[in-house]
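J.: Quick note: the sequence shown uses the working numbering, first residue 31, plus one each step.
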Amino acid sequence: MPYLFTSESVSEGHPDKVADQISDALIDHFLAFDPESKVACETLVTTGQVI
């Protein structure tokens with residue numbers, strides 16, 4: 031069965047890339063203190079705000 035493969039690429043400084051870096055840093059922080067920790071992290075970056 032044929033299928034369509036798509037992907038998205040964003041450049042450095044793009045809000046999606048910044049949000050991913052923030053989420054990754056938070057998860058790394060929790061795992062450094064407790065390797066068994068369970069973490070789910072969502073980050074939203076928009077003009078002048080990080081949520």
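No residue lacks a Cβ here, since even glycine has one placed at the ideal position from N, Cα and C.
Treat the numbers as computed from the prediction; the structure is a model and nothing was measured.
1) Assuming Pro45 is part of the alpha helix (DSSP H), what are its boundary residues?
2) Taking 8 Å as the threshold, find out whether the region 43-56 comes into contact with the region 69-79 through three or more Cβ pairs.
3) Quick one: residues in its chain with C-beta nearer than 7 Å to the C-beta of Lys47, no 5 flanking neighbours on either side, listed in chain order?
4) Between the alpha carbons of Val44 and Thr36, how many angstroms are there, rounded?
5) So, helix, strand or coil for Val80, using DSSP?
T.: In short:
1) Start at 1 with the first residue of the sequence shown, and residue 45 comes out as number 15. Its alpha helix (DSSP H) spans residues 45-63.
2) Inter-segment contact for the region 43-56 and the region 69-79 is present: three or more beta-carbon pairs are separated by less than 8 Å.
3) Position 17 of the sequence shown, counted from the first residue, corresponds to residue 47. So the list reads Val40, once near-sequence residues are dropped.
4) Translated into the one-based positions of the sequence shown, residue 44 becomes position 14. Translated into the one-based positions of the sequence shown, residue 36 becomes position 6. Here the sequence assigns His to residue 44, which means Val is not the residue at that position. So the alpha carbons of these two residues sit roughly 19 Å apart.
5) Residue mapping note: residue 80 aligns to position 50 of the sequence shown, counting from 1. Correct three-state label for Val80: strand.
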